[in-house]
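Enquirer: According to our numbering, the sequence shown is numbered sequentially starting from 994.
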Amino acid sequence: MTQNKTYIQSYITIQNNEIVLNGTPVFKIEPTDFADFAKQAYRNFDIQYSKFFKMDTLSKLAFLGAELLLSPITSSKEENNIALVLANKSSSLDTDVKYQESISDKENYYPSPAVFVYTLPNICLGEISIRHQLKSENSFFIFDAFNGEFLSNYSNILLNTNKADLVLCGWVEFFNDNYKAFLCIISPEENENYKNENINTLYHK
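(1) Using a threshold of 8 Å, state whether the C-beta atoms of Glu1190 and Ile1001 are closer than that.
(2) According to DSSP, simplified to helix, strand and coil, what is Gly1141?
(3) Are Phe1175 and Tyr1196 close, meaning C-beta to C-beta below 8 Å?
(4) Taking the alpha-carbon positions, what's the Met994 to Lys1156 distance?
(5) Going by DSSP in three states, Tyr1196 sits in which element: helix, strand or coil?
(6) Between Met1048 and Phe1038, which are expected to be in contact by the criterion C-beta below 8 Å, what is the C-beta distance as a whole number of angstroms?
(7) Considering Cα atoms alone, identify which of Asn1186, Asn1146, Cys1162 is closest to Phe1133.
(8) Let me know the secondary structure DSSP gives Ile1040 once reduced to three states.
(9) Please go through the same chain and pick out, in chain order, the residues whose beta-carbon is closer than 6 Å to the beta-carbon of Ser1148, but skip the five residues on each side of it.
(10) Can you grab the Cα-Cα spacing for the pair Glu1185 / Glu1142, in whole Å?
(11) How about Ile1116 and Ser1064: do their beta carbons lie closer than 8 Å?
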């Protein structure tokens, strides 16, 4: 099968208390922990989604990136054929550790169902799907390091086999308050801005 060329439409990076959208810083605060950073970012962009505050850290990280990329092109009233392809290194380990601590404390044994819900990395895909009314393909992969070639190839296959009109793909890593999200939207439509760019070059910028 001959694959049609696909193009990056937009991208976002979240790390070190800063959000950079399409190469332009759109939000930055003084060094703080991720919980505070996420809360301030949520309010800064006037996001209206109360369930955000119940999410685990990985889901909040992915949600913020997806929100800023998808909101301009999706409507909560319509179903959108946008596939989700995410990956990271630590899976949901940050939440797993917290859950294990809650069940290991024999003096204070009250494991939280709210935490247990998030002990799978692909739960963040569900949160994004619910928010943006997505019922299309979605996958979450675990790699030792960022694998732009795999993400790009997998996204291209989804687009070239008409499994999706757009693909939101990228890397969302969170462990011990160290985090980085890099997400981009890929489509068959040419975008002059990123004609000579690929996922790897944008990730490392």
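Each residue gets a CB set at the ideal place from its N, CA and C atoms; glycine is no exception.
Expert: According to the structure shown:
(1) The count along the sequence shown starts at 1 and reaches residue 1190 at position 197. The count along the sequence shown starts at 1 and reaches residue 1001 at position 8. In contact: Glu1190 and Ile1001 (Cβ atoms closer than 8 Å).
(2) By 1-based counting over the sequence shown, the position of residue 1141 is 148. Gly1141 falls in the helix class under three-state DSSP.
(3) As a first step, residue 1175 is located in the sequence shown; it is residue number 182 there, counting from the start. As a first step, residue 1196 is located in the sequence shown; it is residue number 203 there, counting from the start. Taking 8 Å as the Cβ cut-off, Phe1175 and Tyr1196 qualify as a contacting pair.
(4) For the purposes of this step, residue 994 is taken as the residue at position 1 of the sequence shown. For the purposes of this step, residue 1156 is taken as the residue at position 163 of the sequence shown. With a pLDDT of 49 at Met994, under the threshold of 50, the modelled position of this residue cannot be trusted; read the value that follows with caution. Looking at the two C-alpha atoms, the distance is approximately 15 Å.
(5) Translated into the one-based positions of the sequence shown, residue 1196 becomes position 203. Tyr1196 falls in the helix class under three-state DSSP.
(6) By one-based count along the sequence shown, residue 1048 stands at place 55. By one-based count along the sequence shown, residue 1038 stands at place 45. In fact, because the Cβ distance is near 16 Å, the residues do not count as touching under 8 Å.
(7) Sequence index remark: in the sequence shown, residue 1133 carries index 140 (1-based). The candidate whose alpha carbon is nearest that of Phe1133 is Cys1162.
(8) Counting from one through the sequence shown, the residue named residue 1040 turns up at place 47. Here Ile1040 carries a coil assignment [DSSP, helix/strand/coil].
(9) Within the sequence shown, residue 1148 is the residue found at index 155, counting from 1. Here the set comprises Val1078, Val1160, Cys1162, Ile1179.
(10) Numbered from its first residue, the sequence shown carries residue 1185 at position 192. Numbered from its first residue, the sequence shown carries residue 1142 at position 149. In a straight line, the C-alpha of Glu1185 is about 21 Å away from that of Glu1142.
(11) As a first step, residue 1116 must be located in the sequence shown, where it is residue number 123. As a first step, residue 1064 must be located in the sequence shown, where it is residue number 71. Taking 8 Å as the Cβ cut-off, Ile1116 and Ser1064 do not qualify as a contacting pair.
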